[in-house]
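Position 44 of the sequence shown, counted from 1, bears residue number 113 in my numbering, the numbering being contiguous throughout. C-beta: ideal position from N, C-alpha, C; glycine also. Please read these numbers as outputs of a predicted model, since none were measured by experiment.
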Amino acid sequence: MSEAYVSRVFTERGGFTRGIEGPGCDGDGNLYAVNFEREHTIGRVTPDGE
70 MSEAYVSRVF TERGGFTRGI EGPGCDGDGN LYAVNFEREH TIGRVTPDGE
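This is how it looks when you write it as structure tokens:
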């Protein structure tokens with residue numbers, strides 16, 4: 070299986086609020102989700118998992 074299709078855990082349980090939206094991604098491979106850790110925020114995970 071290609072590494073591109075292997076699921077991984079990037080956040081701890083409860084890391085998103087009830088208003089979570091997403092996910093979305095950009096051309097650079099960053100993953101975005103709205104309301105990470107608190108309302109009115111945008112969380113980003115880079116292709117390196119940071």
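With a contact defined as Cβ atoms closer than 8 Å, Tyr101 and Gly88 miss out at about 15 Å. Collapsing the DSSP output to three states places Glu90 in a strand.
Judged by DSSP secondary structure, Arg113 falls within the beta strand (DSSP E) whose first and last residues are Ile111 to Val114.
Gly118 and Arg82 do not touch by the CB rule: their CB atoms are close to 17 Å apart, not below 8 Å. Counting along the chain, no beta strand (DSSP E) covers Ala73, and no H or E run does either.
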